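With UniProt numbering, you'll find the sequence shown wraps up at 549, consecutive numbering, no jumps. One structure is given here, and the rest of the page talks about it.
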Amino acid sequence: AIFEPDILDIVSTLVSESVENIGQIFGSLCHSYTGEPSKIQLLSDLYDEFASSDTQPKADSICKDALMNILLDKYDTVKIDEVVKYNIQALNSVMPLIQSPYWRKAVYALSEKYPESQFLNLLIRKIADANHINEIKHLKSASTNIDVYSKVLLDQFDNLIAEDEAGVSQSIPDLIKTAVQHPHSYLFAQALIKRLSQEQNGYPLRKLAKELEKGVSINNTELVENLRNLIAAPPMQIATSILRIPPTPGDIVALHKQYSLAPLPSPIYLRDPQLLCKNKNHDWLLNNAFVPSEKTLNLKQDIKDKYLYLAAYAASAEEREDGTIDNSRVNTTFETLKKLQTTLGKKGVIGLEFNAIVKDLLVYIDTPIASMATIFWIKYILRETSYYEKHFKTNEVPLPHYILEEIAFRHQYQRFHVFNAYKAELESSNRFTPEVMQTALRKQLMERMAYLVQIGFVMQVMSYIEKNLSKLDEKLVTIFVKKVASACGPPYSEEFYISMLKLIEYAKIQLDSQIDTRPMIVQFFADCPSTIDNKYRELINNLLVIFGN
């Protein structure tokens, strides 16, 4: 029909009378020429001759969409796989298409629909070879092909290495999506993490292993537990005791016995974060020794000492290259934990006697495992006791906050836990009356969070404040912005700078009302990163109208 003498009139009429349905029209016309793109291109050219670019899209996009729909609807995976099976050269005519982002999307859509297709898996491999890793990392088919999956996984690990703690937290959901598609992909990822964690300074990678476990355990707890024990490969006597988390007092007695006899076992088996660190549904070894509860009320001291010894062993013992254990620091750490437990257990220490233990606390928290125990204890007294009601003075920083701040300064990897303690207090501060107490406490907590930014724990704090702006009074955000702006100087990262801009925009009225703040904010605008997007430059110009007056 396209070569009939009156075709121009027909197309002109279609275009002029059917603007709203032009996509459907081209979809219908394209069905007539399946497999003949040259004729569709001719039809596209005719369309562009008659269509107004002001009111209608270009034919190129309409025809591509129509072809895409035909492809998705009529793709015959059995037939095409059969062709490729006997004629691998059939791939050659398709290869140019994977250079186009548009047609790669078609391959991805078909791959999700037909994950076992040999032809599509070959294309996915070629796409991976062309370094379009970010596009394929969540495809089911990417995890079925070991070559593709290893490229995707290693690319994500490379990116994680370059990230700070905030970046790692943001990247973990992507890693989970990639790794938990199939049992074999989960096994591959966990085995790789296990191997890398054995390298020098590699142990923090175990955090990734635990995050992957969370991603799988909702639907397959048995797989997680079996694989955890298989990869860790603990001796049978130890495996029996750590299989249950939290372990029972009987498990603790058995573990203590194993870790007191020669040859000493590896500390790696005690370093399961769920054994040492809290999860919504789990207790800590340290919690049982330091945090009062109904469970620990009648716990005998010799059992608590065994908890402390195992925690000290996990934190201080080192496995040498020949497999022997250096436990020379275990007893020192154990004694520190015992002294800390005695200090925190003194009568009246939660109240007026808190001042009396600060000097000792500042010594004990030099030991990382002791500082972690102190964080748990402080969270307990702030949340579960009447410390604030009895001892909080609106014009003074609470002593527990000072201790948390000192821990954050000394121990980089515990800043996350300190931040969580601050968040918990901020989010529950409305439990206090009168309102003046709420306001004063929130002010103190915003200042503590600003200090975390100052010492390098930046984007997790910034992201949290930004996401919760609607719940925060402008005066509180103003306090935070002033503290951060005065403590942090250029050059700024784009991510930090944009987050600060959003906070300044939210609190602009309060910030502008304080004359001493204006020069600082104007200077912050002047120190804008050169690579920042134009829309944020426009925001800066709008804000300068306010602060520049």
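All C-beta atoms in this analysis are idealised placements derived from N, C-alpha and C, irrespective of residue type, glycine included. Since the structure is predicted, the reported quantities are computational estimates derived from the model, not experimental observations.
Next on the checklist: Could you tell me which whole alpha helix (DSSP H) segments of length 4 or greater appear in the stretch 261 to 337?
Outcome noted: Qualifying alpha helix (DSSP H) stretches, in chain order: 273 to 276, 285 to 290, 301 to 316.
Next on the checklist: Less than 8 Å between the beta carbons of C488 and Q454, yes or no?
Outcome noted: In this structure, C488 lies near Q454, with their beta-carbon atoms less than 8 Å apart.
Checklist entry - Secondary structure at F416, three-state DSSP: helix, strand or coil? => result In the structure shown, F416 sits in a helix (DSSP, three-state: H, G or I).
Next on the checklist: Is there a C-beta anywhere in chain D that falls below 8 Å from the one on I124?
Outcome noted: In summary, chain D is missing from the structure at hand, where a single protein chain is found.
Item to check | Cβ separation of I146 and F119, assumed to be a contact under 8 Å, to the nearest whole Å | outcome: Wrong, their Cβ atoms sit about 18 Å apart, outside the cutoff.
Checklist entry - Thinking C-beta only, is D305 closer than 8 Å to A317? => result Not a contact, by the Cβ cut-off of 8 Å.
Checklist entry - Going straight from the alpha carbon of L308 to that of L399, what length do you get? => result Each residue's alpha carbon lies about 25 Å from the other.
Item to check | K390 in three-state terms, based on DSSP | outcome: Helix, per DSSP.
Next on the checklist: For the structure I just gave you, are there three or more beta carbon pairs, one from the stretch 69 to 84 and one from the stretch 103 to 113, closer than 8 Å?
Outcome noted: Contact between the stretch 69 to 84 and the stretch 103 to 113 is present, with at least three C-beta pairs closer than 8 Å.
Next on the checklist: To test your reading of the DSSP string, which unbroken beta strand (DSSP E) runs of 3 or more residues are found completely within the stretch 130 to 196?
Outcome noted: With a minimum length of 3 residues, no continuous beta strand (DSSP E) run stays inside the stretch 130 to 196.
Next on the checklist: Given this structure, state the Cα-to-Cα distance separating V168 from D251, to the nearest angstrom.
Outcome noted: Rounded to whole angstroms, V168 to D251 spans 34 Å at the Cα level.
Checklist entry - To the nearest angstrom, how far is it from the Cα of V330 to the Cα of P267? => result Per the coordinates, the alpha-carbon of V330 lies some 11 Å from the alpha-carbon of P267.
Checklist entry - From F416 to F188, what does the alpha carbon distance come to, in whole angstroms? => result Approximately 29 Å between the Cα atoms of the pair.
Item to check | Run of the alpha helix (DSSP H) containing A90, from where it starts to where it stops | outcome: Under the DSSP assignment, A90 falls outside any alpha helix (DSSP H); it carries neither an H nor an E label.
Checklist entry - Looking at the unbroken alpha helix (DSSP H) that takes in T433, where does it start and where does it end? => result Premise fails: T433 is in no alpha helix (DSSP H) and is neither H nor E.
Checklist entry - Is S486 helix, strand or coil when you go by DSSP? => result Helix.
Item to check | Spatial distance of T178 from E335 (CA atoms) | outcome: C-alpha separation (whole angstroms): 44 Å.
Checklist entry - Rounded to the nearest angstrom, how far is the Cβ of F547 from that of I521, given a contact under 8 Å? => result With a Cβ gap of about 5 Å, F547 and I521 count as contacting.
Checklist entry - Does the count of Cβ pairs from the stretch 456 to 475 and the stretch 428 to 437 closer than 8 Å reach three? => result Taking a cut-off of 8 Å on C-beta distances, the stretch 456 to 475 does not touch the stretch 428 to 437, as fewer than three cross pairs fall below it.
Item to check | Spatially closest choice to S171 from Q181, Q156, H184, by CA coordinates | outcome: Measuring from the Cα of S171, the nearest candidate turns out to be Q156.
Next on the checklist: Going by DSSP in three states, E353 sits in which element: helix, strand or coil?
Outcome noted: In the structure shown, E353 sits in coil (DSSP, three-state: anything other than H, G, I, E or B).
Next on the checklist: At the level of alpha carbons, what is the spacing between K483 and D512?
Outcome noted: K483 and D512: Cα-Cα distance of roughly 15 Å.
Checklist entry - From I407 to Q341, what distance separates their C-alpha atoms? => result I407 and Q341 have their C-alpha atoms some 17 Å from each other.
Item to check | Sub-8 Å separation of A311 and L337 beta-carbons | outcome: Judged by their CB atoms, A311 and L337 are nearer to each other than the 8 Å cut-off.
Checklist entry - Looking only at its own chain, which residues have a Cβ that is under 7 Å from the Cβ of D322, when we skip the five neighbours before and after it? => result For D322, there are no CB contacts under 7 Å within the same chain when 5 residues up- and downstream are skipped.
Item to check | Delimiting residues of the alpha helix (DSSP H) encompassing K535 | outcome: Where K535 is concerned, the enclosing alpha helix (DSSP H) starts and stops at 534 to 547.
Checklist entry - Do you know how far the Cα of V418 is from the Cα of R442? => result Cα atoms of R442 and V418: separation of roughly 16 Å, rounded to the nearest angstrom.
Checklist entry - Does the separation of the CB atoms of L344 and Y313 fall below 8 Å? => result Taking 8 Å as the Cβ cut-off, L344 and Y313 do not qualify as a contacting pair.
Next on the checklist: So for K346, helix, strand or coil by DSSP?
Outcome noted: In this structure, K346 counts as coil in the three-state DSSP scheme.
Item to check | Integer Cβ distance of V224 from E213, believed to fall under 8 Å | outcome: So it is a contact: roughly 5 Å between Cβ atoms.
Checklist entry - When DSSP labels each residue in this structure, what does Q198 get in the three-state scheme? => result Coil at Q198, not helix or strand.
Item to check | beta strand (DSSP E) segments (min. 3 residues) lying fully within the stretch 447 to 472 | outcome: None, since the stretch 447 to 472 contains no complete beta strand (DSSP E) of that length.
Checklist entry - What are the start and end residues of the alpha helix (DSSP H) that includes S493? => result Where S493 is concerned, there is no enclosing alpha helix (DSSP H), given that its DSSP letter is neither H nor E.
Next on the checklist: Out of Q414, F496, S493, K475, which one is the CA nearest neighbour of Q444?
Outcome noted: The candidate whose alpha carbon is nearest that of Q444 is K475.
Checklist entry - Taking the alpha carbon of E135 as the point to measure from, which residue in A106, I381, A162, S117 has its own alpha carbon closest? => result Residue A106 holds the alpha-carbon nearest to the alpha-carbon of E135 among A106, I381, A162, S117.
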